[in-house]
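Peer 1: Sharing a structure, written as structure tokens. Questions coming.
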Amino acid sequence: MDLIKIVEKEFAAGKKIPSFKSGDTVTVSYQIKEGDKTRIQKFQGIVIQKGSQGSTATFTVRKVSDGIGVERIFPVSSPFIEEVIVNKRGSVRRARLFYLRDAVGKAARIKEKKFSK
Amino acid sequence: MSGLIGKKIGMTSVFDASGKNIPCTVIQAGPCVVTQVKTIENDGYAALQLSYDEKKEKHTSAAMKGHFAKANTTPKRKLVEFKHFEEAKNLGDVLTVEMFNEGEFVEVVGTSKGKGFQGVVKRHGFSGVGMGTHGQHNRMRAPGSMGASSWPSRVFKGMRMAGRTGGNRVKLQNLQVIKVMPEQNLLVVKGAVPGAKGSYVIIEK
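Residue numbers (the working numbering), protein chains in the order written: chain A, 9 to 125; chain B, 12 to 216.
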């Protein structure tokens, strides 16, 4: 077996986050430390990219806040991620949705995935 | 001092107890067999020769076969001599990664990746001479003047110039041991280690 995977398994916290893809809308609850107090901040947006594998995996969430695009990269195995909720499954045709950065208005929307019964 | 021979496996990153993301290198270290004990009476200096990594018998010369047979072990690829070894060891002793403890600091020696023929900017950190514009076009990565005029009328020896870069023996000090995994002979150290994946490294403490 891959020796790096063995090491990553040894350090894995065993916390599971739900599976999602690029184009999905997610809400990430992230622990923020302020001095000796911790609070939870929620970040909701569209997943525009999933990067890397194993314990170094990350995902990028983009939202538009007051007309300004905000992107945040979360490490999947970060202990500060309290939970991830998948709000919407999006129907997209590529894995990296960087075109959303330039898209305005109707073009910046993502169609919701339709599941046939 | 004590040490081991190992192989660089690759890099990854893990989260520690406080939630910090730590970059770390995975090294497969040992088991190493003592194949020769050099003494001051016999050899003029005291040292310990360790061997690591299995090798096929048909690829081993008869002389080396005899050398390994003396230590009662199979042929190995890599032999390294360690001076000033802390504990006294006998011929045929096996050293494992368990000699390292989590949290302590080690030194790792490796051969850096070869970069080929490189200019002075990459090789010695020069900053180049000129700009891309204002009437110049080929001065961005130039070494500049090498010597003065009438004196010394020559270039001093040892002037830093372009040339073969990398492929040197490099020692990194004070790398923290993050984890020791004796079942797989794995050692996880904080930070990077010189060399390519699969290259031999020497771990000292």
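Note that the Cβ used here is the ideal one computed from N, Cα and C, for glycine as well.
Could you work out which residues of chain B lie near glycine 62(A), taking near to mean beta carbons separated by less than 8 Å?
Peer 2: Within chain B, the residues near glycine 62(A) are Thr23.
Peer 1: Counting only Cβ pairs nearer than 8 Å, list the residues of chain B close to phenylalanine 88(A).
Peer 2: Here the neighbours are Gly30.
Peer 1: Within the same chain, show all residues whose beta-carbon is closer than 7 Å to that of valine 100(A), passing over the 5 residues directly before and after it, in chain order.
Peer 2: So the list reads Ser30, Gly31 and Ile118, once near-sequence residues are dropped.
Peer 1: Compute the Euclidean distance between the alpha carbons of valine 36(A) and phenylalanine 79(B), then round it to the nearest angstrom.
Peer 2: Each residue's alpha carbon lies about 59 Å from the other.
Peer 1: From asparagine 112(B) to isoleucine 81(A), what distance separates their C-alpha atoms?
Peer 2: Going from the Cα of asparagine 112(B) to the Cα of isoleucine 81(A) covers about 34 Å.
Peer 1: Mind checking which residues open and close the alpha helix (DSSP H) that includes valine 15(A)?
Peer 2: Counting along the chain, the alpha helix (DSSP H) containing valine 15(A) begins and ends at 11 to 19.
Peer 1: Does the segment 91 to 100 of chain B come within contact of the segment 148 to 159 of chain B, defined as at least 3 CB pairs closer than 8 Å?
Peer 2: No, the segment 91 to 100 of chain B is not in contact with the segment 148 to 159 of chain B.
Peer 1: Per DSSP, glutamate 92(B) forms a beta bridge with which residues?
Peer 2: Answer is Gln60(B), bridged to glutamate 92(B).
Peer 1: Indicate whether at least one CB of chain A lies closer than 8 Å to the CB of isoleucine 20(B).
Peer 2: Yes, isoleucine 20(B) lies at the interface with chain A (some Cβ there is under 8 Å from its Cβ).
Peer 1: In whole angstroms, give me the CA-to-CA distance for cysteine 35(B) and aspartate 10(A).
Peer 2: So the alpha carbons of these two residues sit roughly 16 Å apart.
Peer 1: Output, in chain order, the set of chain A residues within a Cβ distance shorter than 7 Å of phenylalanine 111(B).
Peer 2: Going along chain A, no residue has its Cβ under 7 Å from phenylalanine 111(B), so there is no contact; the nearest lies around 15 Å.
Peer 1: When every heavy atom of the ligand SAH is checked, does at least one fall within less than 7 Å of the C-beta of aspartate 44(A)?
Peer 2: Only the bare structure without any ligand can be found here, which leaves the ligand SAH out of the picture.
Peer 1: So, is the C-beta of glutamine 187(B) closer than 8 Å to a C-beta in chain A?
Peer 2: No, glutamine 187(B) lies away from the interface with chain A (no Cβ there is under 8 Å from its Cβ).
Peer 1: Report the residue ranges of all alpha helix (DSSP H) runs contained in full by the segment 13 to 98 of chain A; include only those spanning at least 4 residues, in chain order.
Peer 2: List check, alpha helix (DSSP H) in window: nothing returned.
Peer 1: Where arginine 180(B) and glycine 125(B) are concerned, what is the direct C-alpha to C-alpha distance, given to the nearest angstrom?
Peer 2: Each residue's Cα considered, the two are about 11 Å apart.
Peer 1: State the CB to CB distance for the pair glycine 103(B) and alanine 82(B), rounded to an integer number of angstroms; the pair is presumed to be in contact (CB under 8 Å).
Peer 2: Indeed, because the Cβ distance is near 5 Å, the residues count as touching under 8 Å.
Peer 1: Under 7 Å Cβ to Cβ from arginine 171(B), same chain only, skipping five residues before and after it: list those, please.
Peer 2: Cβ within range, chain order: Val131 and His135.
Peer 1: For the putative contact between glycine 62(A) and threonine 23(B), defined by C-beta atoms under 8 Å, what is the C-beta separation to the nearest angstrom?
Peer 2: Their Cβ separation, rounded to whole angstroms, is 7 Å, which keeps glycine 62(A) and threonine 23(B) in contact under 8 Å.
Peer 1: According to DSSP, methionine 192(B) sits in a beta bridge with which residue or residues?
Peer 2: Answer by DSSP bridge pairing, in chain order: Leu197(B).
Peer 1: Cα separation between leucine 59(B) and proline 154(B)?
Peer 2: Those two C-alpha atoms are separated by around 45 Å.
Peer 1: Helix, strand or coil, according to DSSP, for valine 131(B) in the structure here?
Peer 2: Here valine 131(B) sits in helix by DSSP.
Peer 1: Using a Cβ cut-off of 8 Å (strictly closer), state whether glutamate 79(A) contacts chain B.
Peer 2: Output row for glutamate 79(A): interface = no.
Peer 1: If leucine 15(B) and alanine 40(B) are in contact, beta carbons under 8 Å, what's the gap, nearest whole angstrom?
Peer 2: Yes, they are in contact, since the Cβ atoms of leucine 15(B) and alanine 40(B) sit about 5 Å apart, within 8 Å.
Peer 1: Anything in the segment 34 to 51 of chain B with a Cβ closer than 7 Å to a Cβ of chain A? List those residues in chain order, please.
Peer 2: The residues in question are Val37 and Gln39.
Peer 1: What does the Cβ neighbour count give for phenylalanine 28(A), buried or exposed, with the cut at 16 atoms within 10 Å?
Peer 2: Buried, because 16 or more other Cβ atoms sit within 10 Å of the Cβ of phenylalanine 28(A).
Peer 1: DSSP beta-bridge partners for methionine 22(B)?
Peer 2: Answer is Thr36(B), bridged to methionine 22(B).
Peer 1: Where does arginine 109(A) fall in DSSP's three states?
Peer 2: Note: arginine 109(A) maps to helix in three-state DSSP.
Peer 1: Would you mind working out which of Glu92(B), Lys76(B) and Val91(B) sits nearest threonine 85(B), comparing C-alpha positions?
Peer 2: Comparing Cα-Cα distances from threonine 85(B) to each of Glu92(B), Lys76(B) and Val91(B), the minimum goes to Lys76(B).
Peer 1: Among residues of its own chain, excluding the 5 on either side of glutamine 39(A), which ones have a beta-carbon nearer than 7 Å to its beta-carbon?
Peer 2: Hits under 7 Å: Thr46, Ile48, Phe88 and Glu90.
Peer 1: When you compare each of Met157(B), Glu92(B), Cys43(B) and Val188(B) to tyrosine 56(B) by their alpha carbons, which one comes out closest?
Peer 2: Nearest C-alpha to tyrosine 56(B): Glu92(B).
Peer 1: Output needed in chain order: residues of the segment 188 to 208 of chain B with a Cβ under 8 Å from some Cβ in chain A.
Peer 2: Cβ contacts with chain A: Lys190, Met192, Gln195, Leu197 and Val199.
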